[in-house]
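Read in full-length UniProt numbering, the sequence shown has 82 at position 82, and its numbers run on one by one without any break.
A virtual CB, placed ideally from N, CA and C, is assigned to each residue, including glycine.
Beneath this line is the structure, given in structure tokens, with notes to follow.
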Amino acid sequence: MSLSSSAADSETNVSGDISTVPTTPDRSQSGSPGLHDSNDEVDNSFEKASPLKNGDAEYRVPSRTIRSICVVGAGYVGGPTAAIVAYKNPHVRVTVVDRDDRRIRRWNSRHLPIYEPGLSEIVRISRDGLQGSCEKDCVEAHDTAELKARSPNLFFSTDVSQCIPNSDAVFIAVNTPTKMRGTGKGSATDMTSFEAVAAEVIRHAQNNTIIVEKSTVPCRTAQMIQEMITIQRPGEDFEILSNPEFLAAGTAVQDLLHPDRIIIGSAPTPEGRAAAESLAGVYSSWIDRSRILTTNVWSSELAKLVANSMLAQRLSSINSISAICEATGAEVNEVSAAIGMDTRLGKSFLRAGIGFGGSCFKKDIASLAYIAESLGLDEVAHYWRQVNVMNEYQRDRFAARVIRHLNSTLVTKKICILGYAFKPNTSDTREAPALEIIKTLLDENPHEIAIFDPCCNRLVIENEIRALQPYGSPILSDDGGCVKVYSNVYEACADSNAVLIVTDFPEFRNTPVTVSPDSKTQSTQRLQEATPANTLSPPVTASYEPFNAEPDCSADCPDCQSGITYGESNPSVGKDVPKEQVNWKKIAGEMRSPKWLFDGRCIINIPEMTKLGIRVESIGSAGLAV
Ligand SMILES: NC(=O)C1=CN([C@@H]2O[C@H](COP(=O)(O)OP(=O)(O)OC[C@H]3O[C@@H](n4cnc5c(N)ncnc54)[C@H](O)[C@@H]3O)[C@@H](O)[C@H]2O)C=CC1
Ligand SMILES: O=C(O)[C@H]1O[C@H](OP(=O)(O)OP(=O)(O)OC[C@H]2O[C@@H](n3ccc(=O)[nH]c3=O)[C@H](O)[C@@H]2O)[C@H](O)[C@@H](O)[C@@H]1O
1 MSLSSSAADS
11 ETNVSGDIST
21 VPTTPDRSQS
31 GSPGLHDSND
41 EVDNSFEKAS
51 PLKNGDAEYR
61 VPSRTIRSIC
71 VVGAGYVGGP
81 TAAIVAYKNP
91 HVRVTVVDRD
101 DRRIRRWNSR
111 HLPIYEPGLS
121 EIVRISRDGL
131 QGSCEKDCVE
141 AHDTAELKAR
151 SPNLFFSTDV
161 SQCIPNSDAV
171 FIAVNTPTKM
181 RGTGKGSATD
191 MTSFEAVAAE
201 VIRHAQNNTI
211 IVEKSTVPCR
221 TAQMIQEMIT
231 IQRPGEDFEI
241 LSNPEFLAAG
251 TAVQDLLHPD
261 RIIIGSAPTP
271 EGRAAAESLA
281 GVYSSWIDRS
291 RILTTNVWSS
301 ELAKLVANSM
311 LAQRLSSINS
321 ISAICEATGA
331 EVNEVSAAIG
341 MDTRLGKSFL
351 RAGIGFGGSC
361 FKKDIASLAY
371 IAESLGLDEV
381 AHYWRQVNVM
391 NEYQRDRFAA
401 RVIRHLNSTL
411 VTKKICILGY
421 AFKPNTSDTR
431 EAPALEIIKT
441 LLDENPHEIA
451 IFDPCCNRLV
461 IENEIRALQP
471 YGSPILSDDG
481 GCVKVYSNVY
491 EACADSNAVL
501 IVTDFPEFRN
511 TPVTVSPDSK
521 TQSTQRLQEA
531 TPANTLSPPV
541 TASYEPFNAE
551 PDCSADCPDC
561 QSGITYGESN
571 PSVGKDVPKE
581 QVNWKKIAGE
591 MRSPKWLFDG
601 RCIINIPEMT
611 KLGIRVESIG
621 SAGLAV
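Below, the structure is given as structure tokens:
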């Protein structure tokens, strides 16, 4: 079968047998931005063995069962992905390796390095094993089968070179940030870590190991790996698969347990398809085959960048509309609700706010734009870059609005920031809009900037604030500066002139959550499902403890140091403690007049808040004239 496959071939396989043909038409894989000049001949050496021709159906390579997996990169993707794969495949040995010794120690301890609802229980089961069965009374029915007594099959290690040769498949899940210097600075993907790991894999892997791109990478990265193999291990057979991850922070466990789809891109050869089938075998132990989509490898690599870019594009679109709303009297929440009811548009990703944060949207858009630019598609590059431009505009507009309403001076004023993480229910602070807003406010020399976040470790926030270079020291109050991180929301807000809602934690709302534009989105539903109580509750019978003992933490564990077990005893994300709504009446009573609330996430009921004597300025709402 050639690359120009038939329509029937190109459909997602729904029959239970993985589709064997790339879904993209011939020549769709032309040119790689970061890897080839747009005028280069298309290099198809990646395909190696001749693709099947029509009628060559008998030429098949049997797929192998994967029994051991090495995941390189113990981060937000590598850790949770490995945990779920191990949890759902007790017969597969999954080892996560990372060069960061501290991170690995935390994965091997009671306090994991990242907080995700439901993750610690999954890790405990796979990493520590279960002594006895845990039946229906302690888990949701759909997870009962996994909770038989089991031996550990999830391991964390720093020994990368030892793990790779003992694995049937190696998942590369390392960071792929934006290049900060050299060619493509500020736009191209920095492939340093990815390339280093690919080299390690090629150096140590046994022949026939399946190499899986889990990281988000530029289109044609598989070609780069193939060329490295050709030089370093000529004549040997390694299949390279693209298998991008779509989990979102804060809902990672549920996203991994119930993904919309799994994409596996492979070479259009019998060997490539057999490797894709092997990987599909791992996922099919808990995911229906109809959700496993096979494509050619370039489509898969590109699809990940496009998915993130289009989600972010929706946000910049609604945020641009919020500016029009503020100038006209239209309400952005109402506009979102109105357009979201159009089933063609859908409700998701229409919540206006101060803009998207997180480690990926910005960099993936930049990468897509760079790809376009490298291909000579300048208009396309410009189009996508505007998504990031609009995002920064939105955040800066908000900060400027705060300063303007406070008479353009913050010198004697206390500003309280509610929420520091880039989104609720995560401790991930990467590219959080909060930090940029704090920088802008610091320029105004305020009396105090107070920060409260219900999910982030206070020490982590303090370290990030301390690292703000352009402002010199001291910045933190402990060092004699004006920024103070609080563990109590009321102390943070007391005596403040203005409170800024920067992250939309549900507990910051002043009315119970009812119907918001996307309150029924999958993410929200998943988040509700993902609370530990709903994933793997502890046994009902107090005396019954199927878990093996958890390993202790190292002396440098930040959770132990701060005295709070985030995600367990923290009031907002507590395992056993229900979330508590913030008592705005109490806050209003302790604020300085005039009392300002700047709602950067459109979660405040303005009339209700006004009754408490607080003036509200909200994104996408006209507010008070200045
Ligand atoms: N964070 C997220 O929610 C998502 C991220 N992605 C993509 O997944 C990839 C990984 O992202 P994160 O997990 O967030 O990154 P991360 O920064 O949390 O983790 C990456 C890990 O790789 C390790 N590493 C780097 N170079 C290494 C080397 N040479 N040897 C061994 N370990 C090495 C680092 O020490 C780090 O622990 C990126 O390409 C990202 O775009 C995809 C979907 C979701
Ligand atoms: O590649 C990645 O890293 C991941 O990026 C996003 O996940 P994530 O960034 O973790 O979280 P999102 O829920 O997408 O939120 C991103 C940002 O958009 C903001 N957002 C989201 C939705 C919305 O309606 N409005 C809005 O402002 C959030 O507050 C947050 O700052 C994608 O949703 C994932 O599918 C993808 O795997």
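Among the candidates the options, whose CA atom is the shortest distance from the CA of residue i?
i, options, result
"Val72", "Thr295, Ser63 and Phe171", "Phe171"
"Asn207", "Ser167, Ser242 and Ala252", "Ser167"
"Leu459", "Lys439, Asn388 and Tyr486", "Tyr486"
"Ile603", "Ile501, Ala330, Glu271 and Arg385", "Ile501"
"Leu442", "Arg314, Cys482, Cys455 and Ser554", "Cys482"
"Ser120", "Gln131, Tyr87, Arg150 and Tyr490", "Tyr87"
"Glu550", "Pro62, Phe422, Trp107 and Ala366", "Trp107"
"Ala222", "Val282, Cys553 and Leu302", "Leu302"
"Glu608", "Ser290, Asn583, Tyr383 and Ile619", "Asn583"
"Asp552", "Ser63, Lys304, Ser109 and Arg401", "Ser109"
"Glu580", "Glu617, Ile619 and Phe505", "Phe505"
"Glu245", "Ile114, Leu305 and Asn391", "Leu305"
By the three-class DSSP mapping on this structure, what secondary structure does residue i have?
i, result
"Thr221", "helix"
"Asp504", "coil"
"Cys493", "helix"
"Ser317", "helix"
"Val71", "strand"
"Thr295", "strand"
"Ser126", "helix"
"Ala338", "helix"
"Tyr486", "strand"
"Glu116", "coil"
"Arg615", "strand"
"Ser593", "coil"
"Thr429", "coil"
"Thr81", "helix"
"Glu568", "At Glu568 the pLDDT is 40, less than 50, meaning the model places this residue with poor confidence; the figure from the coordinates comes in the next sentence. Here Glu568 sits in coil by DSSP."
"Thr328", "helix"
"Leu423", "Residue identity differs from the one stated: residue 423 is Lys in this sequence, not Leu. Lys423 falls in the coil class under three-state DSSP."
"Phe398", "helix"
"Leu302", "helix"
"Gly281", "helix"
"Gly620", "coil"
By Cβ distance, which residues of its chain are closer than 7 Å to residue i, with the 5 residues on each side in sequence left out?
i, result
"Glu592", "Inspection of the sequence shows that residue 592 is occupied by Arg rather than by Glu. Hits under 7 Å: Asp495, Ser496 and Asn497."
"Ile104", "Ala74, Asp98, Phe156, Ser157 and Thr158"
"Ala622", "Glu326 and Gly329"
"Ala530", "Its pLDDT being 41, under 50, Ala530 is placed unreliably in this model, and the value from its coordinates should be taken loosely. Same-chain partners within the cutoff: Pro117, Gly118, Thr251, Val253 and Gln254."
"Leu256", "Pro80, Thr81, Ile84 and Leu247"
"Leu468", "Lys439 and Ile475"
"Asn89", "Val282 and Ser285"
"Lys185", "Lys179"
"Leu435", "Glu464"
Do residue j and residue i come within 8 Å of each other at the CB atom, strictly closer than that value?
i, j, result
"Val94", "Arg67", "no"
"Arg127", "Leu154", "yes"
"Ser293", "Arg273", "First, the amino acid is wrong: residue 293 is Leu here, not Ser. Result no, Cβ atoms of Leu293 and Arg273 do not sit closer than 8 Å."
"Asp453", "His111", "no"
"Ile354", "Phe398", "yes"
"Gln131", "Ala149", "yes"
"Pro259", "Arg289", "no"
"Val174", "Val197", "yes"
"Ile619", "Val335", "no"
Take residue i and list the residues in its own chain whose beta-carbon comes closer than 8 Å to its own, dropping the five residues that flank it on each side.
i, result
"Val201", "Val72, Ile164, Val170, Ile172, Thr209 and Ile211"
"Pro177", "Thr189, Asp190, Ser359 and Lys363"
"Ser278", "Ser63, Arg64, Thr65, Ile66, Asp168, Ala169 and Ile210"
"Met310", "none"
"Gln525", "Residue confidence is low: Gln525 scores 46 on pLDDT, short of 50, so the model does not pin down where it sits. No coordinate-derived value is stated."
Using C-beta distances below 6 Å, list every residue in its chain close to residue i, excluding the 5 sequence neighbours before and after it, in chain order.
i, result
"Cys493", "Cys416, Val499 and Ile587"
"Val123", "Ala83"
"Ala381", "Ala369, Ala372 and Glu373"
"Phe508", "Leu418, Ile501 and Val582"
"Leu410", "Glu444 and Pro446"
Consider the C-beta atom of residue i and the heavy atoms of ligand 3; say whether any pair is separated by less than 7 Å.
i, result
"Lys423", "Absence of ligand 3 is noted for the structure shown, with ligand 1 and ligand 2 being the only ligands found."
Taking 8 Å as the CB-CB limit, is residue i close to chain C?
i, result
"Trp584", "Of the chains in the structure shown, none is chain C; there is only one protein chain."
query: Are the region 448-457 and the region 374-381 touching, with three or more C-beta to C-beta distances below 8 Å?
result: no
- request: Would you check if the region 231-242 and the region 257-276 touch, i.e. whether three or more CB-CB distances between them fall below 8 Å?
  value: yes
- request: Pair every Cβ in the region 311-319 with every Cβ in the region 216-234, then say whether three or more of these pairs are closer than 8 Å.
  value: no
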